[in-house]
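Data first, discussion second: the structure below is written as structure tokens.
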DNA sequence: CTGAAAGCGCTTACAG
DNA sequence: CTGAAAGCGCTTACAG
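Residue numbers (full-length UniProt numbering), protein chains in the order written: chain G, 1 to 352; chain Y, 1 to 352.
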């Protein structure tokens, strides 16, 4: 084992308390003494032992607040599993989670939920929210008060959030295009069903898609881009109308929710005109459609890991003061087809 | 926080040492007292705190031995990264790793390496070895002496190993078939290049492949199955000869190593006769060929995670005595194409 | 500005 | 069969 505080204290001829003050910059140490200790820390290659810190830290437990638009949105259930797994693993280290779940993407509602969490004395925040000025301001207020924030699945700009943990939307769009290039013969006539043209992630999935088709020199044409508003009903009617209008469509690219609705319209085309359908994520409805061979493949984003790692990152920051090395922690772009999609409810833990 | 040993001791009117004896079954406690304590443990819902255990455990550090046929085998480099990441994370908890790397799959050599590790007083073993009686016996000897064993990437039968961590070979073969069904028009005329017909994993990849084609009702025919002996030279000549003999081949399925050799023969066919090539894993040579569009997709198995999780599982067993809940911990079957394959050296950490 | 003491939860000799 | 004490490495009041 490496040197401990005790070793440094003995070598410096001071008490452990004094060494602790220097290590943690608590101040109130005579400059000469501080210098001597600092030098010894380097010479003896002192590294604080996490096990010791953890035990001492048990006296002041850590509560992490998680705000998610998870109500009626099955995508988040794996993210929540990830949060809970991290909570289980860190429970003995004094960590607990406090959830605030909302429905939809109304900024005012999100701000209300975030403030509600803050009132419960959380020491850190995990949020999956909308990127608008009011929300940015709210978050920055808490950050200034010393409450670190991690954005999950959807980033928030103009903030000092610790980091973003989530999908690489552009790459996932590129992967969809690459896969389509392998599956569907040229020329491609694509119908794009997006969630909302206001959502940055959805747009990045379209941009990445088109860019990758170009990179592969694929002959393609976008017949139409329609918005589903992440709603199955809207997705159904708009997809049906678009397919009616553009008979030559041979691939349907669905960047967001509304998958079941859009696929319902696709199914009405019958077998002979069946286009290649690509989607994102593997909520139960999507999984079903992959197993039915309606969807050729769905591009996933490790939602479990998004929840799990955000908590771990915040805990590390809290205990060791280590800032994440990157501003963006992208989870992998995972291609799932009939043969490697989980037909069952998602695993609880990483592996458990 | 939950109840602690101190709480139980106070409630039972005994010392903490006595409670500890009961909890850990160290014996030497009067039956009535033991009963009373056991009951209190249940009533007060006592759960041992891992942070406490870890700190106390620092006095007896844990060394884990890792035996791998990693020499000249690039596949293992990510597995080793996983081992090392786990070692870094557990260093402060008293864990260190001891490696024994060998070249190839000679049982005698593997046994020698395993015994060499054992002499260095390891408290647990991670091994990726061959499934033959001599090796099984060697491992069982150590297991009987109380040294837990985890098999990584390749399982060993007839042993009391804690668990297997690695690829689900059948599923990965199925995924290859599913992908092929999406990419290549029927009827499929497949050339299978396998590593060795003696390797269980390779055979499972063939079985899964064929089974999944049948499940999808794909018209297919296997033109030939040839062994590469995991060697590029052999792979090249045998693939070349097979392609020469079976002109109608439109897909080449490579279950193991020898990818560069086999692809060299495929490239000689020229663009117009280009078959769909599917491989496994993403060692640098394979990655290159995916980026060159010679390989359509490569099915990977999270080697990093295999290394990382095996160490974590052994550590958990050592500290908390928790046996893994499953005998097989399968890593995910990961489909990589040009757009989502990492062109750079693999990440160091999970996320770091 | 500094030290001595107590504590986080669990384990380990040691004494009786 | 049981208890009292010391210790793992770090932190936190408190006293001076």
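All C-beta atoms, glycine included, are put in the ideal place defined by N, C-alpha and C.
Counting only Cβ-Cβ distances below 7 Å, residue 54 (chain Y) has contacts in chain G at 51, in chain order. In this model, residue 75 (chain G) and residue 106 (chain G) are separated by some 18 Å (Cα to Cα).
Burial state of residue 245 (chain Y) is exposed, judged by a 10 Å Cβ sphere holding fewer than 16 other Cβ atoms. For residue 10 (chain G) and residue 51 (chain G), the gap between their C-alpha atoms comes out near 21 Å. Residue 115 (chain G): member of the alpha helix (DSSP H) spanning 107-119, first to last residue. Its Cα nearest to that of residue 305 (chain G), the residue G:330 stands out among G:330, G:12, G:285, G:286.
The beta carbons of residue 260 (chain G) and residue 242 (chain G) sit no closer together than 8 Å. Here the stretch 94-112 of chain Y makes contact with the stretch 121-141 of chain Y; the two share three or more CB pairs at distances below 8 Å.
Put simply, the backbone Cα of residue 339 (chain Y) is about 10 Å away from that of residue 213 (chain G).
The beta carbon of residue 322 (chain G) lies closer than 7 Å to those of 316 in the same chain, with the five residues before and after it left out.
Within chain Y, the residues placing a beta-carbon under 8 Å from that of residue 175 (chain G) are 337, 339, 340, ordered along the chain. DSSP, read as helix, strand or coil, puts residue 75 (chain G) in coil.
DSSP, reduced to helix, strand and coil, places residue 189 (chain G) within a strand of the structure shown. Distance from the CA atom of residue 205 (chain G) to the CA atom of residue 211 (chain G), rounded to whole angstroms, is 10 Å.
When C-alpha distances from residue 327 (chain Y) are compared across Y:80, Y:165, Y:220, the shortest belongs to Y:165.
The alpha helix (DSSP H) runs of length 4 or more contained entirely in the stretch 170-232 of chain G are, from start to end of the chain, 200-215.
Taking CB atoms only, residue 171 (chain Y) has a neighbour in chain G less than 8 Å away. The residue among G:171, G:209, G:192, G:26 with its C-alpha nearest the C-alpha of residue 225 (chain G) is G:192. At a cut-off of 8 Å between C-beta atoms, residue 166 (chain G) does not count as an interface residue with respect to chain Y. In its own chain, leaving out the 5 sequence neighbours on each side, no residue places its CB closer than 6 Å to the CB of residue 272 (chain G). With 16 or more other Cβ atoms from the protein chains shown falling within 10 Å of its own Cβ, residue 336 (chain Y) counts as buried. Contact between residue 62 (chain G) and residue 117 (chain G) fails: their C-beta atoms lie close to 14 Å from each other, not under 8 Å.
Not a single C-beta of chain G is nearer than 8 Å to the C-beta of residue 307 (chain Y). Annotation for residue 260 (chain Y): the continuous alpha helix (DSSP H) segment containing it runs 259-267. In the structure shown, residue 147 (chain Y) adopts coil according to DSSP, grouped into three states.
Secondary structure of residue 84 (chain G) (DSSP, three-state): helix. Assignment of residue 5 (chain Y) by DSSP, reduced to helix, strand and coil, places it in the helix class. Residue 57 (chain Y) and residue 37 (chain Y) have their C-alpha atoms spaced approximately 23 Å apart.
At a cut-off of 8 Å between beta-carbon atoms, residue 20 (chain G) makes no contact with chain Y. A straight-line Cα-Cα distance of about 59 Å links residue 115 (chain G) and residue 199 (chain Y). Our two residues, residue 228 (chain G) and residue 188 (chain G), have alpha carbons roughly 22 Å apart in a direct line.
In this structure, DSSP gives residue 305 (chain Y) a helical state, which the three-state scheme calls helix. Contact with chain Y is absent for residue 279 (chain G), since none of that chain's Cβ atoms lies less than 8 Å from the residue's Cβ. Taking a beta-carbon distance threshold of 8 Å, residue 201 (chain G) does not count as an interface residue toward chain Y. In this chain, residue 285 (chain G) is not harboured by any beta strand (DSSP E); it is covered by the alpha helix (DSSP H) spanning 284-291. Cβ neighbours of residue 113 (chain G) within its own chain (closer than 6 Å, five residues either side excluded): 67, 100, 102.
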